[in-house]
Amino acid sequence: MELWYTENHTKNIRFSLKVKEQLYSQESEFQKVDVFDTYEFGRILTIDGLMMVTQKDEFIYHDMIVHVAMATNPNIKSALVIGGGDGGTVRELTRYSFIEKIDMVEIDKLVVEASKEHLEFTSKNLDDPRVNLYFEDGVKFVEGKKQEYDVIIVDSTDPVGPGEGLFSTEFYQNCYDALTKNGILINQKESPFYARDAKEMIRADQKIKKIFPLAMTYQYSIPTYPSGLWLFGFASKGLHPVKDLDADKWNQLEIKTKYYNTDIHVGAFALPTYVREMIENGTY
Ligand code: SAM
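Residue numbering for the sequence shown follows my numbering, starting at 5 and increasing by one per position.
(1) Hey, how far is the Cα of residue 6 from the Cα of residue 254?
(2) Check the DSSP bridge columns for residue 207 and list the partner residues they point to.
(3) Excluding the five sequence neighbours on either side, which residues of its own chain have a C-beta within less than 6 Å of the C-beta of residue 259, listed in chain order?
(4) Is the beta carbon of residue 206 sitting closer than 8 Å to the one on residue 179?
(5) Do you know whose CA, among 243, 118, 134 and 250, lies nearest residue 184's CA?
(6) With burial defined as no fewer than 16 other Cβ atoms inside 10 Å of the residue's Cβ, what is the status of residue 136: buried or exposed?
(7) Using 8 Å as the threshold, is the C-beta distance between residue 204 and residue 163 below it?
(8) Should residue 33 be listed as close to the ligand SAM, given that the test is whether its C-beta is under 7 Å from any heavy atom?
(9) Taking 7 Å as the cut-off, is the C-beta of residue 123 nearer than that to any heavy atom in the ligand SAM?
(10) Nearest-angstrom Cα distance between residue 268 and residue 24?
(11) Please state if the CB of residue 115 and the CB of residue 89 are separated by a distance shorter than 8 Å.
Structure (structure tokens):
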């Protein structure tokens with residue numbers, strides 16, 4: 005008997021992976037957490053049936069969510085990760101010896117438990133002494149924080165369920181207040197391709213642009229997300245991800261990456277015309 009994991013990318017498009025076995029399945033007060041072992045993408049983590057992380061392509065997502073900010077501001081000492089329960093974002097941050105504090109705020113303990121048990125490749129550095137794990141709502145955690153973090157990375161699910169608040173104006177304003185003067189906000193910003201994802205991307209972009217003096221978007225290709233084209237937001241109080249990049253300085257760190265490099269750092273901000281127009285006009 006064949007077992008398949010299927011995600012509906014739209015109501016008319018399905019994405020399926022053939023499964024060897026299911027490794028984990030638990031339901032928290034927030035969401036259903038599953039881990040499967042698949043033939044083509046290795047171990048995968050899903051939440052409420054939606055693809056979160058795969059062993060084969062997670063390097064793309066975690067390289068691009070971390071190294072663009074780290075290469076733009078080489079003086080980052082304190083980081084806040086909101087979401088990121090699989091541990092991949094923290095894993096990449098811990099590769100910078102000059103980072104002194106990494107706070108990770110994950111609402112659902114089960115995601116960390118499942119990742120520690122079955123996704124060692126992403127969760128392996130969660131026990132780094134600089135990492136402080138908080139099992140709380142990230143929306144509430146940032147309330148009242150003032151100039152505490154040099155980078156905030158919102159490694160969230162989509163804007164549904166517990167993730168919805170992480171796409172709100174109030175949350176972005178609280179992130180702005182919690183960032184230091186050279187602070188950078190990186191957020192999971194959905195995708196420009198399918199209607200639902202594009203509308204969410206535009207909504208997030210319009211809110212962030214009203215709060216941050218600099219708000220840009222960068223792209224990367226990841227096979228297991230809907231359409232394969234996914235975006236991150238880069239917002240700051242002044243630092244520009246391309247003009248302020250000191251590529252030589254980052255390259256001298258000799259951090260070995262599989263997707264990120266300082267050329268793709270620059271290239272990722274060169275958006276296709278349809279995406280640029282969507283962002284400029286605020287329409288899909
Ligand atoms: N790479 C994935 C993606 O792009 O969809 C996301 C990775 S990570 C698994 C997303 C995490 O966000 C989940 O573990 C989820 O529990 C967490 N999360 C959702 N809403 C949250 C909230 N309000 N506060 C903190 N964590 C939250």
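All C-beta atoms in this analysis are idealised placements derived from N, C-alpha and C, irrespective of residue type, glycine included. Please read these numbers as outputs of a predicted model, since none were measured by experiment.
With the given structure in hand:
(1) A straight-line Cα-Cα distance of about 47 Å links residue 6 and residue 254.
(2) By DSSP's assignment, residue 207 forms no beta bridge with any residue.
(3) Cβ-Cβ distances below 6 Å link residue 259 to 99 in the same chain, with the five nearest sequence neighbours on each side left out; the list follows chain order.
(4) Cβ distance not < 8 Å, so residue 206 and residue 179 don't count as in contact.
(5) Comparing Cα positions, the closest option is 243.
(6) Burial call: exposed.
(7) Cβ atoms of residue 204 and residue 163: closer than 8 Å.
(8) For the ligand SAM, no non-hydrogen atom lies closer than 7 Å to the CB of residue 33.
(9) Incorrect: residue 123 has no Cβ contact closer than 7 Å to the ligand SAM.
(10) Going by the C-alpha atoms only, they are around 35 Å apart.
(11) Contact: yes.
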